[in-house]
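Residue numbers (the UniProt record's numbering): 1 to 167.
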């Protein structure tokens, strides 16, 4: 009986939480990283069973399980969630003062401040209405062999104007 109650409780919790989760999108990918098997405005590869570039099969032998997948985490819904609450916005944009006139954050620098001046990226916009992002990437060879042409490119997207106490 206790197991049944635990399962029912877990189901109720799951039903309460699942509407607020942000879904990741998973796409099948070519094992040689030629393309994603998805539909775009230019091409529709969503039904292809093999790569149109290199001819490699999309699925494992005798199954409809993809040989390789790519997980996409859309940033739009995440930013909408962050800015959907007044309390979170107040915390995020509570500015820190300079400590003894020294730079303590990227937002104290000349380049960041120039973004909001005339001719800057965010001219005529309030800082609290912008989300400056930085994209970092670095290629690496996962098998430490220069003979292979396969590599990985981890991408890190960072929000630049978060207050120091939020990091």
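A virtual CB, placed ideally from N, CA and C, is assigned to each residue, including glycine. This structure is a prediction, so every number in the text was calculated from the model and none was measured.
Give me the residue from the options with the minimum Cα distance to residue i.
i          : options             : result
residue 77 : 25, 42 and 58       : 25
residue 64 : 73, 111 and 50      : 50
residue 34 : 73, 109 and 53      : 53
residue 22 : 113, 130, 60 and 80 : 80
According to the Cβ coordinates, are residue i and residue j closer than 7 Å?
i           : j           : result
residue 71  : residue 28  : no
residue 133 : residue 159 : yes
residue 31  : residue 67  : yes
residue 58  : residue 83  : no
Leaving out five residues on either side along the sequence, give the residues of the same chain with a beta carbon under 6 Å from the beta carbon of residue i.
i           : result
residue 12  : none
residue 161 : 107 and 132
Helix, strand or coil: how does DSSP classify residue i here?
i           : result
residue 122 : coil
residue 62  : coil
residue 15  : helix
residue 156 : strand
Compare the C-beta of residue i against all C-beta atoms of chain B and say whether one is closer than 7 Å.
i          : result
residue 62 : The structure shown has no chain B; it contains just one protein chain.
Since residue i contacts residue j with CB under 8 Å, what's their CB separation in whole angstroms?
i           : j          : result
residue 155 : residue 75 : No, residue 155 and residue 75 are not in contact; Cβ-Cβ is about 11 Å, not under 8 Å.
Excluding sequence positions up to five away, which residues of its chain have a Cβ less than 7 Å from the Cβ of residue i?
i           : result
residue 130 : 122
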